[in-house]
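>
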Amino acid sequence: DGDQVRGQLSNMAVRFEVAEMEEMTIWEQYTITLNRDPRKGFGIAISGGRDRPSSSDGDTSIVISDVVPGGPAVGRLQTRDKIAMVNGLSMENVSSSFAISTLKTCGKLANITVKRPRYLQVAKVEEYCTQHH
Numbered sequence: 024d025g026d027q028v029r030g031q032l033s034n035m036a037v038r039f040e041v042a043e044m045e046e047m048t049i050w051e052q053y054t055i056t057l058n059r060d061p062r063k064g065f066g067i068a069i070s071g072g073r074d075r076p077s078s079s080d081g082d083t084s085i086v087i088s089d090v091v092p093g094g095p096a097v098g099r100l101q102t103r104d105k106i107a108m109v110n111g112l113s114m115e116n117v118s119s120s121f122a123i124s125t126l127k128t129c130g131k132l133a134n135i136t137v138k139r140p141r142y143l144q145v146a147k148v149e150e151y152c153t154q155h156h
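Counted the way my numbering counts, the sequence shown spans residues 24 to 156.
#1: For K127, which of helix, strand or coil comes out of DSSP?
#2: Less than 8 Å separating the beta-carbons of Q144 and E51?
#3: Determine the direct distance from the alpha carbon of I69 to that of S88, and round the result to whole angstroms.
#4: In the DSSP assignment, the beta strand (DSSP E) including D89 goes from what residue to what residue?
#5: Just curious, the beta strand (DSSP E) that M114 is in, first and last residue?
#6: Would I135 pass as a contact of A122 if the rule is Cβ separation under 8 Å?
#7: Rounded to a whole number of angstroms, what is the C-alpha to C-alpha distance between T48 and V90?
#8: Compare the beta carbon distance of N110 and R73 with 8 Å and say whether it is the shorter of the two.
#9: By Cβ distance below 8 Å, which residues in the same chain neighbour S120 in space, the five residues on each side in sequence not counted?
#10: Taking the straight line between their C-alpha atoms, what separation do you get for N58 and G66?
#11: Near L126, what residues of its chain come up, given a Cβ to Cβ distance below 7 Å and the 5 sequence neighbours on each side ignored?
#12: Between K147 and E43, is the Cβ-Cβ spacing less than 8 Å?
#13: Could you pull the start and end residues of the beta strand (DSSP E) that A68 belongs to?
#14: For the beta strand (DSSP E) that contains V97, what are its first and last residues?
Okay, structure coming up:
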C-alpha cells in the first residue's frame, strides 16, 4: 500500500518560490546652482574622466570626490554624485582636465546637474518548478 502512495506523489509537480533581496540602483537627477566662494571656489573636488577611469569598474564619469566643509556645495552635493552637466555643457565622456577647466571658467555661478545613486532593496522572486518522475 505504501508503494502506491509513493507512486502518486512522484507524478506531482512541486512548485516553490524563493524570495531574496537584491539591490537595485536608481539614478536620480538634480540640478543645483552654486555661488562661487572667493576662498573655497565651488567647494567641490572632482575625480574621474575619460583619461582617469574608476579603478573599480572603469567608469569614466566625472565624480564628486570631496565636498569642502563650509563651502557652497555643503548639503547640496554629495561625494559619489556623478556630474552630468555644468552650465549646459555635457560632462559625459570628457577628460578630467576639461571638467576642471569648465568649472574654473564658470564665473560666479555654476549650474551643476548631477546623477545621484539611490539604492533600493527589492525582493527578487525566483520560481522553481521541479518535476518529479
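We put the beta carbon where it would ideally sit given N, CA and C, even for glycine.
Taking the geometry as given:
#1: helix
#2: no
#3: 5 Å
#4: I85 to V90
#5: Here M114 belongs to no beta strand (DSSP E), and DSSP marks it neither H nor E.
#6: no
#7: 23 Å
#8: no
#9: G72 and D74
#10: 10 Å
#11: F65, V109 and A133
#12: yes
#13: I67 to G71
#14: Here V97 belongs to no beta strand (DSSP E), and DSSP marks it neither H nor E.
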